[in-house]
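Only one structure is covered here, and it is reproduced in the block below.
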Amino acid sequence: MFEQFSRGYYLGRLYVEPRDGGAAMCRDQHERVNQRLYGDEGVTRTDLPLVMKLGRRHFPVRGDEEVPADTLAVPREVLADADIRNPPSLSEVFLAKADHAAQLLSVADASDAVPDSAV
């Protein structure tokens, strides 16, 4: 689903669609990605948010049983910022690597968004 892209990111392609509330993806896929890419040799928490980037905006992504596989559901303002005009649309999505994600989440506020200034 995601492959090596740079020192700070993995690259994937997901169907992006609008959603009310925070960003989410299929719960099973979220857990697998969390284990594989954010995990280490010890116990891995699979409930931690993944940090993704679409367009210029970073945001935490949670798992949700109602989101279909291979889909990233995001708030409408994220779709507008990423210039996605006809959702669901297959789009390139960046996934921050674990260390970069931790930095981004450490500066995130309670609004469930990672400020652009943090990047």
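Numbered according to the numbering used here, the sequence shown spans residues 2 to 120.
A virtual CB, placed ideally from N, CA and C, is assigned to each residue, including glycine.
Practice task
With DSSP as the reference, label Ser7 as helix, strand or coil.
Solution key: Counting from one through the sequence shown, the residue named residue 7 turns up at place 6. Correct three-state label for Ser7: coil.
Practice task
Can you give me the start and stop residues for the alpha helix (DSSP H) that Val1 sits inside?
Solution key: There is simply no residue 1 to check, as the chain begins at 2 and stops at 120 in what is shown.
Handout entry: Residue closest to Gly23, alpha-carbon to alpha-carbon, out of Asp65, Ala70 and Leu96
Key = Here the question's residue 23 lines up with position 22 in the sequence shown. Residue Asp65 is the option with its Cα nearest to Gly23.
Handout entry: Any chain C beta carbon closer than 9 Å to Gly9
Key = In the displayed structure, chain C is absent; only one protein chain is listed.
Handout entry: Arg86 classed as buried or exposed, judged by whether at least 16 other C-beta atoms fall within 10 angstroms
Key = Locating residue 86 in the sequence shown gives position 85, where the first residue counts as 1. Flag for Arg86 reads exposed.
Problem - Residue environment, Ala102, which counts as buried when at least 16 other CB atoms sit within 10 Å - result: As a working note, residue 102 is residue 101 in the sequence shown. So Ala102 ends up on the buried side.
Handout entry: Those residues which DSSP pairs with Ser90 across a bridge
Key = Against the sequence shown, residue 90 aligns to sequence position 89. DSSP output for Ser90 lists Val17 as bridge partner(s).
Exercise for the section: Measure the C-alpha to C-alpha separation of Val34 and Arg63 and round it to an integer number of angstroms. Expected result: Position 33 of the sequence shown, counting from 1, holds the residue named residue 34. Position 62 of the sequence shown, counting from 1, holds the residue named residue 63. C-alpha separation (whole angstroms): 11 Å.
Practice task
Specify the secondary structure class of Val52 as computed by DSSP and reduced to three states.
Solution key: The residue labelled residue 52 in the question sits at position 51 within the sequence shown. Strand, per DSSP.
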